[in-house]
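Just so you know, the sequences run in chain order W and Y.
The UniProt record's numbering applies: residue 1 is where the first sequence begins, and numbers increase by one.
The UniProt record's numbering applies: residue 1 is where the second sequence begins, and numbers increase by one.
No residue lacks a Cβ here, since even glycine has one placed at the ideal position from N, Cα and C.
Everything numeric in this text was worked out from a predicted model, so none of it was measured.
Taking it in order: structure first as structure tokens, then the write-up.
Number of protein chains: 2
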Amino acid sequence: MIYMDNASTTWKKPPAVSDTVYRSLQEGAGNPGRGANAVSLGSSGILLRTRGLLMELFQAPQPENVIFKASVTDALNTLLLGLLKPGDHVISSVMEHNSVLRPLEHLKQKGIITYDLLGADEEGRILLQELPQLERPETRAVILSHVSNLTGTLQPIEKVREKLKNKDIFILADAAQSAGYLPVGLISHDLDAIAFTGHKGLLGPQGTGGFALSDRLNAAMEPVFTGGTGSDSLSLHQPMFLPDKFESGTQNVAGIAGLAEGIKYIKELSLDIIRTNHQRLTEVFLQELSTLPEITLHGPATSAGRVPNFSMTFATLNPSEAAFRLEQDFGIIVRSGYHCAPLAHKAMGTFETGSVRISFGHFTTETELIQLIQALRTLCEVQHGRLP
Amino acid sequence: MIYMDNASTTWKKPPAVSDTVYRSLQEGAGNPGRGANAVSLGSSGILLRTRGLLMELFQAPQPENVIFKASVTDALNTLLLGLLKPGDHVISSVMEHNSVLRPLEHLKQKGIITYDLLGADEEGRILLQELPQLERPETRAVILSHVSNLTGTLQPIEKVREKLKNKDIFILADAAQSAGYLPVGLISHDLDAIAFTGHKGLLGPQGTGGFALSDRLNAAMEPVFTGGTGSDSLSLHQPMFLPDKFESGTQNVAGIAGLAEGIKYIKELSLDIIRTNHQRLTEVFLQELSTLPEITLHGPATSAGRVPNFSMTFATLNPSEAAFRLEQDFGIIVRSGYHCAPLAHKAMGTFETGSVRISFGHFTTETELIQLIQALRTLCEVQHGRLP
Numbered sequence: 001m002i003y004m005d006n007a008s009t010t011w012k013k014p015p016a017v018s019d020t021v022y023r024s025l026q027e028g029a030g031n032p033g034r035g036a037n038a039v040s041l042g043s044s045g046i047l048l049r050t051r052g053l054l055m056e057l058f059q060a061p062q063p064e065n066v067i068f069k070a071s072v073t074d075a076l077n078t079l080l081l082g083l084l085k086p087g088d089h090v091i092s093s094v095m096e097h098n099s100v101l102r103p104l105e106h107l108k109q110k111g112i113i114t115y116d117l118l119g120a121d122e123e124g125r126i127l128l129q130e131l132p133q134l135e136r137p138e139t140r141a142v143i144l145s146h147v148s149n150l151t152g153t154l155q156p157i158e159k160v161r162e163k164l165k166n167k168d169i170f171i172l173a174d175a176a177q178s179a180g181y182l183p184v185g186l187i188s189h190d191l192d193a194i195a196f197t198g199h200k201g202l203l204g205p206q207g208t209g210g211f212a213l214s215d216r217l218n219a220a221m222e223p224v225f226t227g228g229t230g231s232d233s234l235s236l237h238q239p240m241f242l243p244d245k246f247e248s249g250t251q252n253v254a255g256i257a258g259l260a261e262g263i264k265y266i267k268e269l270s271l272d273i274i275r276t277n278h279q280r281l282t283e284v285f286l287q288e289l290s291t292l293p294e295i296t297l298h299g300p301a302t303s304a305g306r307v308p309n310f311s312m313t314f315a316t317l318n319p320s321e322a323a324f325r326l327e328q329d330f331g332i333i334v335r336s337g338y339h340c341a342p343l344a345h346k347a348m349g350t351f352e353t354g355s356v357r358i359s360f361g362h363f364t365t366e367t368e369l370i371q372l373i374q375a376l377r378t379l380c381e382v383q384h385g386r387l388p
Numbered sequence: 001m002i003y004m005d006n007a008s009t010t011w012k013k014p015p016a017v018s019d020t021v022y023r024s025l026q027e028g029a030g031n032p033g034r035g036a037n038a039v040s041l042g043s044s045g046i047l048l049r050t051r052g053l054l055m056e057l058f059q060a061p062q063p064e065n066v067i068f069k070a071s072v073t074d075a076l077n078t079l080l081l082g083l084l085k086p087g088d089h090v091i092s093s094v095m096e097h098n099s100v101l102r103p104l105e106h107l108k109q110k111g112i113i114t115y116d117l118l119g120a121d122e123e124g125r126i127l128l129q130e131l132p133q134l135e136r137p138e139t140r141a142v143i144l145s146h147v148s149n150l151t152g153t154l155q156p157i158e159k160v161r162e163k164l165k166n167k168d169i170f171i172l173a174d175a176a177q178s179a180g181y182l183p184v185g186l187i188s189h190d191l192d193a194i195a196f197t198g199h200k201g202l203l204g205p206q207g208t209g210g211f212a213l214s215d216r217l218n219a220a221m222e223p224v225f226t227g228g229t230g231s232d233s234l235s236l237h238q239p240m241f242l243p244d245k246f247e248s249g250t251q252n253v254a255g256i257a258g259l260a261e262g263i264k265y266i267k268e269l270s271l272d273i274i275r276t277n278h279q280r281l282t283e284v285f286l287q288e289l290s291t292l293p294e295i296t297l298h299g300p301a302t303s304a305g306r307v308p309n310f311s312m313t314f315a316t317l318n319p320s321e322a323a324f325r326l327e328q329d330f331g332i333i334v335r336s337g338y339h340c341a342p343l344a345h346k347a348m349g350t351f352e353t354g355s356v357r358i359s360f361g362h363f364t365t366e367t368e369l370i371q372l373i374q375a376l377r378t379l380c381e382v383q384h385g386r387l388p
């Protein structure tokens with residue numbers, strides 16, 4: 001099997017990830033912050049160390065400014081629901097995943113907020129020049145994906161602030177598709193929050209994720225979910241210090257222990273090397289794709305300004321058929337259909353058809369790429385009657 | 001090490017739990033409901049099978065009426081925030097965990113709801129007879145823990161509906177401390193929702209949990225967190241069918257695969273046998289405790305109407321000292337301090353001191369119990385100067 005659905009969830013993971021999850025479950029993942037026994041303290045240490053790794057990765061001011069959530073979706077909901085107040089206006093883009101669009105639409109339907117969306121060009125790059133027209137006195141936040149889950153397009157989120165008249169507007173980034181592939185930091189990218197998932201580029205298990213946030217944003221937010229934190233236990237009020245303010249209930253300790261191993265793997269390899277490898281594979285792939293007129297790529301046609309998520313359609317095969325054939329005939333796992341980004345499909349002209357998404361991961365090899373290209377070539381030739 | 005903090009998180013787990021989590025991570029936990037490839041479909045199957053097991057356990061009408069959340073805290077927040085509307089009144093009790101009290105208090109502080117709390121007797125049993133005085137025309141829900149996390153007291157939640165004038169009030173149970181130890185079902189206990197955690201009595205990994213709900217309650221609720229569901233991908237609106245209505249983002253597939261193994265273990269052993277074992281251990285323990293005047297038990301003094309969570313204080317040792325000594329001198333892991341249930345501590349007279357909580361699990365043995373008793377006896381004798 002050749003796995004090329006890494007934008008959904010990465011696989012394989014470094015062996016240390018599953019080994020550590022296993023050991024954590026075997027040796028006893030205690031309940032961090034609950035009691036002072038060895039098992040509980042061991043778990044607290046796991047959370048603290050992983051927070052430290054994520055703090056460095058995302059340039060958070062303190063480990064406590066890294067909040068664990070079960071998914072990037074939970075992280076984005078916590079950020080939006082915890083920040084936005086009646087009358088607020090939000091700017092986002094047509095390239096967003098439903099994890100951003102649906103919370104915004106839900107808040108709009110309830111009459112709490114209004115929002116406007118930046119458009120995108122034919123490569124899926126958001127039209128930042130539209131920002132000044134969309135900004136209003138009541139604009140409270142801009143929320144944008146760093147990389148499109150559909151087209152792989154890298155968005156210029158670091159340039160958002162300079163386009164805003166009101167520099168106090170909060171800028172939130174959805175780094176679901178970029179964390180672990182590209183640098184993204186609160187400081188370097190001038191952001192107030194970075195929402196991340198553990199199970200994609202960071203190579204951790206599913207059920208991990210969260211967000212890093214600035215102190216400025218924290219001061220403007222209230223908790224959404226509240227409950228036991230193991231702190232201020234005698235109070236009926238949620239503690240207002242980080243990370244407890246946003247972390248109630250038992251954390252996924254074994255998963256977070258595994259996530260730390262994924263992050264360590266990435267740090268040791270370095271984002272530079274990861275990026276260089278991906279660009280090399282991308283260049284080969286794009287070159288080959290350009291020789292297959294049966295296939296239309298929807299997204300950046302060069303390796304710059306993208307990660308290796310490729311959205312494509314076939315002239316004579318619908319996406320489900322193409323994906324089915326890739327899996328059945330060639331053992332290549334890709335994703336077909338709609339990719340939880342309805343307006344991005346509209347912007348890219350694939351709203352009626354859906355698309356095939358092929359996404360490389362950290363462990364995609366040149367051999368696999370050659371097999372993929374050969375498979376696509378065969379599929380196209382069969383379609384043109386050149387093979388039986 | 002003798003682990004007696006099972007009310008925080010159970011340990012050990014059946015070997016199949018960690019084995020399955022490991023295998024799931026190794027073999028590829030795909031992204032369920034996203035695409036139709038083998039990896040994604042395999043993960044969908046894991047969720048469906050686990051839903052089926054939980055449906056049976058909690059008597060849900062359909063597997064879809066079981067919703068996965070990362071913790072019982074997330075489940076309780078989703079239930080309360082999804083159900084309650086401005087002006088609603090809620091009845092709960094002083095015996096609740098902060099995972100219920102803090103969301104209620106938070107909603108009250110925001111001016112959305114009001115709530116009243118049932119009191120408790122000296123064994124921590126809620127005073128159901130107070131219900132008629134607390135019920136109001138605007139009462140929308142009663143939310144109660146099935147078993148107290150502090151005292152282990154089993155609450156008569158199955159008798160709530162008969163005490164209510166308005167039979168349409170929704171009854172929600174927090175089964176964090178009972179699921180996997182005692183039967184609790186939507187039908188048998190006349191409930192509208194059961195919130196559960198995976199990592200305690202159900203023997204699954206941390207990061208798993210959720211709720212089972214009736215169709216009637218579902219019809220009255222709206223989603224809280226929204227986002228990608230892999231369904232209705234072209235719509236900006238959260239799907240209104242179960243389980244997608246309440247499940248956005250990637251689930252903790254490996255964790256849920258492990259949870260299924262925990263539930264299977266319990267089903268094979270049977271709740272009857274688990275209960276019988278626990279009652280036998282409890283009777284021995286209570287008998288021995290009654291011979292130690294240094295120790296005051298706060299909770300039911302008989303094995304009936306409780307699970308083996310024991311909250312206690314020492315005449316001459318504070319709880320942290322006692323717990324520290326148990327761990328250092330005898331290798332026994334317990335929890336000391338406050339147990340995220342402030343009003344329960346008040347009701348039990350341990351608000352000033354906190355308590356030591358000793359909680360047995362599925363794998364607590366008679367040998368361990370004997371060692372515990374011996375340790376407590378030694379601790380008490382040392383305190384009275386009868387030993388060096």
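Can residue i and residue j be called in contact, C-beta distance under 7 angstroms?
{"i": "L202 of chain W", "j": "G258 of chain W", "result": "no"}
{"i": "R275 of chain Y", "j": "D5 of chain Y", "result": "no"}
{"i": "T78 of chain Y", "j": "V253 of chain Y", "result": "no"}
{"i": "V142 of chain W", "j": "V160 of chain W", "result": "yes"}
{"i": "K165 of chain W", "j": "L128 of chain W", "result": "no"}
{"i": "I332 of chain W", "j": "A375 of chain W", "result": "yes"}
{"i": "G361 of chain Y", "j": "P319 of chain Y", "result": "no"}
{"i": "A344 of chain W", "j": "T50 of chain W", "result": "no"}
{"i": "G82 of chain W", "j": "M221 of chain W", "result": "yes"}
{"i": "A176 of chain W", "j": "I194 of chain W", "result": "no"}
{"i": "E327 of chain Y", "j": "S303 of chain Y", "result": "no"}
{"i": "I187 of chain W", "j": "Q59 of chain W", "result": "yes"}
{"i": "A322 of chain W", "j": "F330 of chain W", "result": "no"}
Could you pull out every residue in the same chain whose Cβ sits closer than 7 angstroms to the Cβ of residue i, ignoring the five residues on either side in sequence?
{"i": "I126 of chain W", "result": "S93, M95, L118, A120, L144 and Q155"}
{"i": "D116 of chain W", "result": "I91 and L134"}
If I measure Cβ to Cβ from residue i and keep anything under 8 angstroms in the same chain, skipping five residues before and after, which residues do I get?
{"i": "G299 of chain W", "result": "E123, G124, S148, L150, T151, G152, T153, R306, N309, F310, S311 and M348"}
{"i": "S248 of chain W", "result": "P223, F225, T226, G227, G228, T229 and Q238"}
{"i": "F351 of chain W", "result": "P342 and H345"}
{"i": "G52 of chain W", "result": "P63"}
Assign residue i to one of three DSSP states: helix, strand, or coil.
{"i": "D116 of chain Y", "result": "strand"}
{"i": "R140 of chain Y", "result": "strand"}
{"i": "A173 of chain W", "result": "strand"}
{"i": "D244 of chain Y", "result": "helix"}
{"i": "H106 of chain W", "result": "helix"}
{"i": "I256 of chain W", "result": "helix"}
{"i": "A212 of chain W", "result": "strand"}
{"i": "H362 of chain W", "result": "coil"}
{"i": "M312 of chain Y", "result": "strand"}
{"i": "S303 of chain Y", "result": "coil"}
{"i": "I187 of chain Y", "result": "coil"}
{"i": "A195 of chain Y", "result": "strand"}
{"i": "L234 of chain W", "result": "coil"}
How long is the line joining the alpha carbons of residue i and residue j, rounded to whole angstroms?
{"i": "A212 of chain Y", "j": "L47 of chain Y", "result": "14 angstroms"}
{"i": "T10 of chain Y", "j": "G28 of chain W", "result": "9 angstroms"}
{"i": "E381 of chain W", "j": "Y181 of chain W", "result": "34 angstroms"}
{"i": "K110 of chain W", "j": "L84 of chain W", "result": "12 angstroms"}
{"i": "L317 of chain W", "j": "K346 of chain W", "result": "20 angstroms"}
{"i": "Q62 of chain W", "j": "M55 of chain W", "result": "7 angstroms"}
{"i": "H278 of chain W", "j": "K245 of chain W", "result": "38 angstroms"}
Note down, in chain order, each residue of its chain lying with its Cβ closer than 6 angstroms to the Cβ of residue i, except the 5 sequence neighbours on either side.
{"i": "T157 of chain Y", "result": "Note that residue 157 of chain Y is Ile in the sequence shown, not Thr. Closer than 6 angstroms at Cβ, skipping near neighbours: L144, H146, A173 and H189."}
{"i": "R140 of chain Y", "result": "D88"}
{"i": "S99 of chain Y", "result": "T73 and L76"}
Between residue i and residue j, which are expected to be in contact by the criterion C-beta below 8 angstroms, what is the C-beta distance as a whole number of angstroms?
{"i": "A70 of chain W", "j": "G207 of chain W", "result": "5 angstroms"}
{"i": "H199 of chain Y", "j": "T250 of chain W", "result": "6 angstroms"}
{"i": "L242 of chain W", "j": "N65 of chain W", "result": "6 angstroms"}
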